[in-house]
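What follows is a short report on a single structure.
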Amino acid sequence: MCPTTPPARLSALALCLAALLCLTACAGVEDVPPAAPARGPAQAAPGTAPAGAPPQMRAPVAPAPTTPWNTRISPASQQIPSFASLAPAVDRSIAFVARKPAGNVAIDQPGVRLTWGQLHQGLTTFRRILPELDRDPSVLSKYFTWVPLSTDTLLTGYYEPTIEVSRTKQGPYVWGIYRNPGGAGKHHSRDAIDYAGALSGKGLELGFAKDPIAVFFLHVQGSGKLRYIEDGSTVYALYDGKNAHRYVGVGRVMVERGCFPEEEMSMQRIRRYLEENPTQVREYLTKNPSYIFFKASQSTPVGAMGVPVTPHASVAVDPGFMPYGSLLAVDGDLPGYPPGTGPGVERFTGFVMAQDTGCMRGNHFDLYLGPGEKAAHQAGLMKGTAKAYVLVPK
138 MCPTTPPARL
148 SALALCLAAL
158 LCLTACAGVE
168 DVPPAAPARG
178 PAQAAPGTAP
188 AGAPPQMRAP
198 VAPAPTTPWN
208 TRISPASQQI
218 PSFASLAPAV
228 DRSIAFVARK
238 PAGNVAIDQP
248 GVRLTWGQLH
258 QGLTTFRRIL
268 PELDRDPSVL
278 SKYFTWVPLS
288 TDTLLTGYYE
298 PTIEVSRTKQ
308 GPYVWGIYRN
318 PGGAGKHHSR
328 DAIDYAGALS
338 GKGLELGFAK
348 DPIAVFFLHV
358 QGSGKLRYIE
368 DGSTVYALYD
378 GKNAHRYVGV
388 GRVMVERGCF
398 PEEEMSMQRI
408 RRYLEENPTQ
418 VREYLTKNPS
428 YIFFKASQST
438 PVGAMGVPVT
448 PHASVAVDPG
458 FMPYGSLLAV
468 DGDLPGYPPG
478 TGPGVERFTG
488 FVMAQDTGCM
498 RGNHFDLYLG
508 PGEKAAHQAG
518 LMKGTAKAYV
528 LVPK
């Protein structure tokens, strides 16, 4: 993401990646910068999606299921251990919504208009029936009506990268991950910081990485985790502002210059091209002069709503389209994993809450996928349409 607000998303692509790619993700594959979240590790190259993906890795489009949602929705369909495990995430939305004026309009979409008070009622009801949903998801129909959004939702994903770093500059570990320099230091471009040493020697580095591409994708995701080679300890690198330069989508530039066709664009494809053409890494990464600064923390990254994001349950949204705290359902496809096996897609049908933002515009949800290689793989490829619903209390 190209966060413009404090992240939790690890937004997506998340969607600095989106921005990055053409991308978010938000984290998926669009050319708009993502929000600042907390995202996770890939094994082949820490902090990025697995390298070496074949060119045409965009997930195939699966036909929409024809069976009703209550015959398909389950913890497994949402990739969570149980619906009861959603309780902490729901509690965070309840606390946020409870601070809003109950009589004011919260959601105003074709076919659905809810006040903050009604949204609060829906969330508290949903929280109360979570154990019932584990026994029989169809009981939801006793308490809620699903109101579909009037248009299909753009569904992307973001994740939490992990990057291996050194506390000191040594050997290949030369790429700084910087604290916010404040003042005039925020006017330096990416090229000036990474290649001309504009901030070096000022004690601003949280650590030094060995892979400039991984650092770049850390900026795209907006936050992540650093693992120190000296002792294996870890620390979160949380979004702490950006420089004064505008965001430029590197993926879009690469497509326009013929590096690869637009239909191949993904985080994996960008990495693959740069690894195959190392002399062009500086040329392309510095096409995006925008630069993200970080602060070290032992606390879990939080989203723009001010609370930690939950894998497969939190989405980053355009808050002008869908307010924070909203209780939603999403039915769409995620890229299959491992790549090259199975049907190529995983159906995601689950309950989500709007708890973060990025550079999404309108009906665009960026699903937080958590840490890990699978999350990195899926976030790098996700960009498709889904059906989304507002859960309206009866």
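My numbering puts the first residue of the sequence shown at 138, with every later residue one more than the last. Don't be surprised by glycine CBs; every beta carbon is placed ideally from N, CA and C.
* Look at the Cβ atom of ALA491, then the Cβ atom of VAL454, and state whether they are nearer than 9 Å. => Numbered from its first residue, the sequence shown carries residue 491 at position 354. Numbered from its first residue, the sequence shown carries residue 454 at position 317. Yes, they are a contact pair.
* Asked: Terminal residues of the continuous beta strand (DSSP E) containing ARG250?
  -> Against the sequence shown, residue 250 aligns to sequence position 113. Judged by DSSP secondary structure, ARG250 falls within the beta strand (DSSP E) whose first and last residues are 249-252.
* To do: Reducing DSSP to helix, strand and coil, say where ASP532 ends up.
  => No answer is possible for residue 532: it lies beyond the span of the chain, which begins at 138 and ends at 531.
* **Assigned secondary structure, GLY507 (DSSP; H/G/I helix, E/B strand, else coil)** => Within the sequence shown, residue 507 is the residue found at index 370, counting from 1. It is a strand residue.
* Buried/exposed call for ASP377, threshold 16 Cβ in 10 Å -> As a position in the sequence shown, residue 377 is number 240, starting the count at 1. ASP377 is buried by the Cβ-count criterion.
* **First through last residue of the alpha helix (DSSP H) which encompasses LEU422** => Position 285 of the sequence shown, counted from the first residue, corresponds to residue 422. LEU422 -> alpha helix (DSSP H) spans 418-422.
* Should the segment 450-468 be called in touch with the segment 490-510, which here means at least 3 C-beta pairs below 8 Å? -> Taking a contact to require three or more Cβ pairs closer than 8 Å, the segment 450-468 and the segment 490-510 qualify as touching.
* Tell me which same chain residues have a C-beta within less than 6 Å of the C-beta of VAL489, skipping the five on either side of it? -> Along the sequence shown, one-based indexing puts residue 489 at 352. ALA450, VAL452, LEU465 and VAL467.
* Applying the criterion that 16 or more other CB atoms from any shown protein chain within 10 Å of the CB defines a buried residue, is GLY240 buried or exposed? -> Here residue 240 refers to the residue found at position 103 of the sequence shown. Classification for GLY240: exposed.
* Asked: Since PRO415 is in the beta strand (DSSP E), which residue starts that stretch and which ends it?
  -> To locate residue 415, count along the sequence shown from 1; it is residue 278. Run containing PRO415: none; DSSP gives neither H nor E here.
* Asked: How do the segment 385-399 and the segment 419-435 stand: do at least 3 beta-carbon pairs fall below 8 Å, yes or no?
  -> Verdict: yes, contact present.
* Asked: In angstroms, rounded to a whole number, what distance separates the CA positions of SER463 and TYR296?
  -> Translated into the one-based positions of the sequence shown, residue 463 becomes position 326. Translated into the one-based positions of the sequence shown, residue 296 becomes position 159. Taking C-alpha positions only, SER463 is separated from TYR296 by approximately 21 Å.
* Asked: So, using beta-carbon positions, are PHE485 and GLY469 closer together than 9 Å?
  -> Reading the sequence shown from its first residue, position 348 is the one you call residue 485. Reading the sequence shown from its first residue, position 332 is the one you call residue 469. Going by C-beta atoms, PHE485 is nearer than 9 Å to GLY469.
* To which residues of the same chain is THR522 closer than 8 Å at the C-beta, ignoring the five residues directly before and after it? -> Numbered from 1 along the sequence shown, position 385 holds the residue referred to as residue 522. Excluding five sequence positions before and after THR522, the CB atoms of its chain that fall closer than 8 Å to its own CB belong to ASP289, THR290, LEU291, LEU292 and GLY469, given in chain order.
* Would you list the one or two residues that DSSP bridges to VAL489? => The residue labelled residue 489 in the question sits at position 352 within the sequence shown. Paired residues: LEU465.
* List the whole-angstrom C-beta distance separating GLU342 from ILE366, where the pair is believed to meet the contact cut-off of C-beta under 8 Å. => The count along the sequence shown starts at 1 and reaches residue 342 at position 205. The count along the sequence shown starts at 1 and reaches residue 366 at position 229. Beta-carbon to beta-carbon, GLU342 and ILE366 are separated by about 14 Å, too far to satisfy the 8 Å threshold.
* Where TYR280 sits in the DSSP three-state scheme -> For the purposes of this step, residue 280 is taken as residue 143 along the sequence shown, with counting starting at 1. It is helical.
* **Backbone secondary structure at PHE458 - three-state DSSP** => Here the question's residue 458 lines up with position 321 in the sequence shown. The answer is coil: DSSP assigns PHE458 none of H, G, I, E or B.
* **Ordered list of beta strand (DSSP E) runs contained in the segment 358-414, each at least 3 residues** => Correct list: 361-365 and 371-379.
* Are ILE300 and ASP368 close, meaning C-beta to C-beta below 9 Å? -> If you number the sequence shown from 1, residue 300 lands on position 163. If you number the sequence shown from 1, residue 368 lands on position 231. Cβ atoms of ILE300 and ASP368: not closer than 9 Å.
* **Beta carbon of SER219 nearer than 9 Å to that of ASP273** => Counting from 1 along the sequence shown, the entry for residue 219 is found at position 82. Counting from 1 along the sequence shown, the entry for residue 273 is found at position 136. Not in contact: SER219 and ASP273 (Cβ atoms no closer than 9 Å).
* **Neighbourhood of MET474 by C-beta distance below 6 Å, restricted to the same chain and skipping five residues each side** => In the sequence shown, residue 474 corresponds to position 337, counting from 1. For the record, residue 474 in the displayed sequence is Tyr; it is not Met. Excluding residues within five positions, the ones whose Cβ falls inside 6 Å are LYS511 and HIS514.
* Go ahead and pull the three-state DSSP assignment for ALA525. => Against the sequence shown, residue 525 aligns to sequence position 388. In the structure shown, ALA525 adopts extended strand secondary structure according to DSSP, grouped into three states.
* Around the Cβ of ALA213, are there at least 16 other Cβ atoms within 10 angstroms (buried) or fewer (exposed)? -> Position 76 of the sequence shown, counted from the start, is the residue given in the question as residue 213. Exposed: under 16 other Cβ atoms inside 10 Å.
* Less than 8 Å between the CB atoms is what I'm expecting for ILE350 and LEU411, so what's the real figure, rounded? => The residue labelled residue 350 in the question sits at position 213 within the sequence shown. The residue labelled residue 411 in the question sits at position 274 within the sequence shown. Contact between ILE350 and LEU411 holds: their C-beta atoms lie close to 6 Å from each other, under 8 Å.
* As assigned by DSSP and simplified to three states, the class of THR437 -> Your numbering for residue 437 matches position 300 in the sequence shown. If DSSP states are grouped into helix, strand and coil, THR437 belongs with coil.
* Indicate the three-state DSSP secondary structure (helix, strand or coil) for ALA346 in the structure shown. => As a first step, residue 346 must be located in the sequence shown, where it is residue number 209. Here ALA346 sits in strand by DSSP.
* From the DSSP output, read off the bridge partner residues of GLN307. => For the purposes of this step, residue 307 is taken as residue 170 along the sequence shown, with counting starting at 1. TYR310.
* Asked: Secondary structure at ALA239, three-state DSSP: helix, strand or coil?
  -> Translated into positions along the sequence shown, residue 239 becomes position 102. Reduced to three states, the DSSP call for ALA239 is coil.
* How about TYR505 and PHE233: do their beta carbons lie closer than 9 Å? -> Taking the sequence shown and counting its residues from 1, one reaches residue 505 at position 368. Taking the sequence shown and counting its residues from 1, one reaches residue 233 at position 96. Taking 9 Å as the Cβ cut-off, TYR505 and PHE233 do not qualify as a contacting pair.
* Asked: How many angstroms separate the CA atom of SER326 from the CA atom of TYR310?
  -> The sequence position of residue 326 within the sequence shown is 189, counting from 1. The sequence position of residue 310 within the sequence shown is 173, counting from 1. In a straight line, the C-alpha of SER326 is about 21 Å away from that of TYR310.
* Asked: What is the residue span of the beta strand (DSSP E) that ALA329 lies within?
  -> Locating residue 329 in the sequence shown gives position 192, where the first residue counts as 1. No beta strand (DSSP E) holds ALA329; the alpha helix (DSSP H) holding it covers 327-331.
* Do you know offhand how far PHE263's Cα is from ALA374's? -> Translated into the one-based positions of the sequence shown, residue 263 becomes position 126. Translated into the one-based positions of the sequence shown, residue 374 becomes position 237. Their backbone Cα atoms lie some 33 Å apart in a straight line.
* Asked: Is VAL276 buried or exposed, if buried means 16 or more other CB atoms sit within 10 Å of its CB?
  -> Here residue 276 is taken as the residue at index 139 of the sequence shown, counted from 1. For VAL276, the number of other beta carbons within 10 angstroms of its own is below 16, and it is reported as exposed.
* To do: May I have the straight-line CA-CA distance separating LEU251 from PRO225, to the nearest angstrom?
  => Taking the first residue of the sequence shown as position 1, residue 251 is located at position 114. Taking the first residue of the sequence shown as position 1, residue 225 is located at position 88. The straight-line gap from Cα to Cα measures roughly 23 Å.
* **Span separating the alpha-carbon of ALA431 from that of PRO438** => Counted from its first residue, the sequence shown places residue 431 at position 294. Counted from its first residue, the sequence shown places residue 438 at position 301. The displayed chain sequence assigns Phe, not Ala, to residue 431. Going from the Cα of PHE431 to the Cα of PRO438 covers about 11 Å.
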